[in-house]
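Colleague:
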Amino acid sequence: KLKDLRYRKELFEGGVKAIEASNDPLIQFARLVNPEARAIRKVFEDTIEPVIKKNAEKVAKAQFAIEGTGTYPDATFTLRVSYGQIKGYNESGHEVKPVTTIAGAFERNTGSDPFALPETWLKAKSKLNLDTPLNFCSTNDIIGGNSGSPVINKNAEVVGLIFDGNIQSLGGDYGYDETVNRAVSVHSAGIIEALKKVYGADRIATEITGK
Numbered sequence: 005k006l007k008d009l010r011y012r013k014e015l016f017e018g019g020v021k022a023i024e025a026s027n028d029p030l031i032q033f034a035r036l037v038n039p040e041a042r043a044i045r046k047v048f049e050d051t052i053e054p055v056i057k058k059n060a061e062k063v064a065k066a067q068f069a070i071e072g073t074g075t076y077p078d079a080t081f082t083l084r085v086s087y088g089q090i091k092g093y094n095e096s097g098h099e100v101k102p103v104t105t106i107a108g109a110f111e112r113n114t115g116s117d118p119f120a121l122p123e124t125w126l127k128a129k130s131k132l133n134l135d136t137p138l139n140f141c142s143t144n145d146i147i148g149g150n151s152g153s154p155v156i157n158k159n160a161e162v163v164g165l166i167f168d169g170n171i172q173s174l175g176g177d178y179g180y181d182e183t184v185n186r187a188v189s190v191h192s193a194g195i196i197e198a199l200k201k202v203y204g205a206d207r208i209a210t211e212i213t214g215k
């Protein structure tokens, strides 16, 4: 019943007593595993996380000792500008193209998670320009925390928003490999197309484009 907004409000307003009295299977399951889950979390926070943080600091100091100012600092709370090129890559002998389209999203729709398009998209298919670019990958060097950053072209135009990276980019914490490290962005054209024709958010689309 947790999909039901009214039920969630009842639990929120009822507090601990409402949760303890709930017969919802998911609530009961969460209560069942809660002690063990919290115990495991405490072990992670007390014995694993500090080791990772301490040694990450050592790795960073070693990098600076070797590369000096040739390596850049963590971007947290500081502005970072990353230069890159829209470019595909090779994944186990398979060519990954640099740009996908809205048509590709429908082609990959299986009707079941995790490859199920929302009903709103399925209903809007006839209105959409399926050739509209949806996502693109680029050689920008990013890591966790960059999601939502604007992608700007040489004319200072916003052409997309970073939201992910491929699996190879996770190593970017320590090193960057231009042949496979890719940042993944949603294309600005795809954003506008979806705002107008899927979500009916004309006011927001107009504010963004000025048209």
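Residue 125 in the numbering used here is what sits at position 121 of the sequence shown, and the numbering runs on without skipping anything.
Note that CB positions come from ideal geometry on N, CA and C, so glycine has one too.
Given the structure is predicted, the values throughout are model-derived calculations rather than measurements.
#1: Going straight from the alpha carbon of LYS5 to that of ASP28, what length do you get?
#2: In chain order, which alpha helix (DSSP H) runs of at least 4 residues are fully inside the region 52 to 83?
#3: According to DSSP, is VAL103 helix, strand or coil?
#4: Closest to CYS141 by CA distance: which of LYS21, LEU121, ALA187 and LEU174 is it?
#5: Going by the CB atoms, is the gap between SER116 and VAL163 shorter than 7 Å?
#6: Enumerate, from N- to C-terminal direction, the unbroken beta strand (DSSP E) stretches of 3 or more residues contained entirely within the region 84 to 163.
#7: Just how far apart, CA to CA, sit THR73 and GLY179?
#8: In angstroms with no decimal places, state the Cα-to-Cα distance between LEU9 and PRO122.
#9: Which term fits LYS94, buried or exposed, when burial requires 16 or more other beta carbons within 10 angstroms of its beta carbon?
#10: Report yes if the CB atom of SER151 is closer than 7 Å to the CB atom of PHE167, and no otherwise.
#11: How long is the line joining the alpha carbons of GLU197 and GLY204, rounded to whole angstroms?
#12: Would the beta-carbon of LEU132 fall within 7 Å of that of LYS200?
#13: Pop quiz: GLY92 and THR143 are said to be a contact at Cβ under 8 Å. What is the actual Cβ separation, rounded to whole angstroms?
#14: What span of residues does the alpha helix (DSSP H) with SER192 cover, start to end?
#15: Using the Cα positions of LYS21 and GLU14, report the straight-line distance between them to the nearest angstrom.
#16: Need the endpoints of the alpha helix (DSSP H) that ASP206 sits in, please.
#17: For ASP145, count neighbouring Cβ atoms within 10 angstroms of its own Cβ and tell me buried if that reaches 16, exposed if not.
#18: Would GLY149 be called buried (16 or more neighbouring beta carbons within 10 Å of its own) or exposed?
Modeller: According to the structure shown:
#1: 7 Å
#2: 53 to 71
#3: strand
#4: Of LYS21, LEU121, ALA187 and LEU174, the residue nearest in Cα terms is ALA187.
#5: In this structure, the beta-carbon distance from VAL163 to SER116 does not fall below 7 Å.
#6: 93 to 95, 98 to 100, 103 to 105, 137 to 142 and 154 to 156
#7: 15 Å
#8: One alpha carbon belongs to LEU9, the other to PRO122, and they sit about 19 Å apart.
#9: Looking at the sequence provided, one finds Asn at residue 94 rather than Lys. The residue in question, ASN94, is exposed, as its Cβ has fewer than 16 Cβ neighbours within 10 Å.
#10: yes
#11: 10 Å
#12: no
#13: No, GLY92 and THR143 are not in contact; Cβ-Cβ is about 10 Å, not under 8 Å.
#14: 192 to 201
#15: 11 Å
#16: 206 to 213
#17: buried
#18: With fewer than 16 other Cβ atoms from the protein chains shown falling within 10 Å of its own Cβ, GLY149 counts as exposed.
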